Amino acid sequence: MSEEKVRAQLSPVENLLVGAAGGMLETGLQMPLLTAKFCAQEGRAFPSKFPEWYRGVGIQAGTVAPITAFQVMVNGLLGKSVTGGKRNLSDVETIGCAMIAGGTSATLYGPVDLIMIQQQKHQLGVLDTVKFITKNYGIPNGIFRGFLSTVVRESIYTGGYLGIAPVLTKSLVNSDVGMFKGNNYASGLAGSIAAGVFAALLTHPTDTAKTCMQADLEQKVYPSARAAFFDHINNKGVASLYKGGFFRTARLCGAFFIVSTLREQIITYKTNNS
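For the sequence shown, the residue numbers in the working numbering are 1 to 274.
So, in structure tokens, the structure goes:
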């Protein structure tokens, strides 16, 4: 049996560019799914006009791009530190590095989500929303409200698109299943859907509690994510934690496919030409 070829590792700059491009592309294409998720979770009516489905897309795309870039870059640095650039990561290492990279990105993603939720809620511009939050609620209880919930969500989310999806894709490509054997795109789509559904099922209750908590800066109903979580279970049933679940699951599957496929293509190209 021949040894597995050592795949090229992307440089920090290459990882940043891949993450930024993938994050911006998937957010721009899927913003209506994100808006629908927020509306479903908060109990708000869906937008009645097409442009309203894209309200907040500027801050979301403009900040998700660097956040995804950050996640992909940190994941690459962790991978290189584990292997020394001399071997491929094991499946467990691949998923572990991805989860750690995701957790660290919560320092960026938590405030981004909160600002966009408040922007849509109050119909303000980005800068006016930031001023409103900091003036009335400060930094720890304002901008960084929901931080720990975001750590949990992003660890699993990033573990999905940079860990589980690539691992499943590789397994399917190397399998004897006719439609997947040697077919990177079919395998990538199947792997991304499986990883996206798995990640959504695990993280959506946390995401729902976080969204409700971040929408309620006044803390009139949800003083914490834990309070929001148990309020939903005790008063609305477990199913209420999955409000907007369909929209978020669809978005995750699309995001996983777009970003992981783009990254895989760049790595393959670099491997073949190194």
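For each residue, glycine too, the CB sits at the ideal point set by N, CA and C.
Just so it is clear, the structure is predicted and the values come from calculations on it, not from any experiment.
Residue i beta carbon near the ligand MG (any heavy atom closer than 7 Å)
| i | result |
| --- | --- |
| T104 | Judged by which ligands are present, the structure shown has none, so any question about the ligand MG falls away. |
Neighbour-count burial assignment, residue i, 16 or more Cβ in a 10 Å radius
| i | result |
| --- | --- |
| N15 | buried |
| A45 | exposed |
| V6 | exposed |
| S187 | buried |
| P166 | buried |
| P111 | buried |
| A20 | buried |
| D113 | buried |
| S274 | exposed |
| R87 | exposed |
| Y157 | buried |
| K37 | buried |
| G178 | exposed |
| D207 | buried |
| L241 | buried |
Close beta carbons around residue i, own chain, < 7 Å, minus the five adjacent residues each side
| i | result |
| --- | --- |
| T134 | G142, I143 |
| S175 | K181 |
| F256 | G160, Y161, A165, S192, A195, G196 |
| P140 | none |
| T94 | G163, P166, V167 |
| L124 | F132 |
Through-space distance from residue j to residue i, alpha-carbon basis
| i | j | result |
| --- | --- | --- |
| F180 | P205 | 32 Å |
| A209 | G196 | 19 Å |
| P51 | V82 | 46 Å |
| G22 | I117 | 22 Å |
| Q9 | T268 | 10 Å |
| F132 | Q219 | 16 Å |
| C97 | K170 | 17 Å |
| G85 | G28 | 34 Å |
| Q278 | N272 | Not covered by the structure: residue 278. The range shown for the chain is 1 to 274. |
| Q119 | N183 | 43 Å |
| K243 | S105 | 25 Å |
| G254 | K236 | 29 Å |
| H122 | V238 | 29 Å |
| T211 | I233 | 16 Å |
| Q60 | T107 | 15 Å |
| V126 | V57 | 11 Å |
| P66 | K270 | 23 Å |
| T150 | T35 | 18 Å |
| L148 | T203 | 13 Å |
| C39 | T249 | 15 Å |
| I266 | K49 | 38 Å |
Other residues of its chain near residue i: CB distance less than 6 Å, five sequence neighbours each side excluded
| i | result |
| --- | --- |
| M99 | S155, G159 |
| S2 | At S2 the pLDDT is 47, less than 50, meaning the model places this residue with poor confidence; the figure from the coordinates comes in the next sentence. Excluding residues within five positions, none has a Cβ falling inside 6 Å. |
| D231 | none |
| M213 | G146, Y222, A225, A228 |
| N75 | C97, A98, A101, L162 |
| D47 | In the sequence under discussion, the amino acid at residue 47 is Pro, which differs from the Asp named in the question. Cβ within range, chain order: W53. |
| F70 | S105 |
Whole-number beta carbon distance between residue j and residue i, since they are thought to touch under 8 Å
| i | j | result |
| --- | --- | --- |
| V259 | T68 | 6 Å |
| R263 | V18 | 5 Å |
| F247 | L33 | 5 Å |
| G79 | L89 | 5 Å |
| L172 | A190 | 6 Å |
| A215 | E42 | 5 Å |
| L217 | Y109 | Actually they do not touch by this definition, with Cβ atoms about 18 Å apart. |
| V92 | I115 | 36 Å between Cβ atoms; not a contact. |
Short CB-CB distance (under 8 Å) between residue i and chain B
| i | result |
| --- | --- |
| K135 | No chain B is present in this structure, which holds just one protein chain. |
Same chain only: Cβ atoms within 8 Å of residue i, ignoring 5 sequence neighbours per side
| i | result |
| --- | --- |
| P304 | In the structure as shown, the chain begins at 1 and stops at 274. Residue 304 is therefore absent and cannot be evaluated. |
| E4 | N88 |
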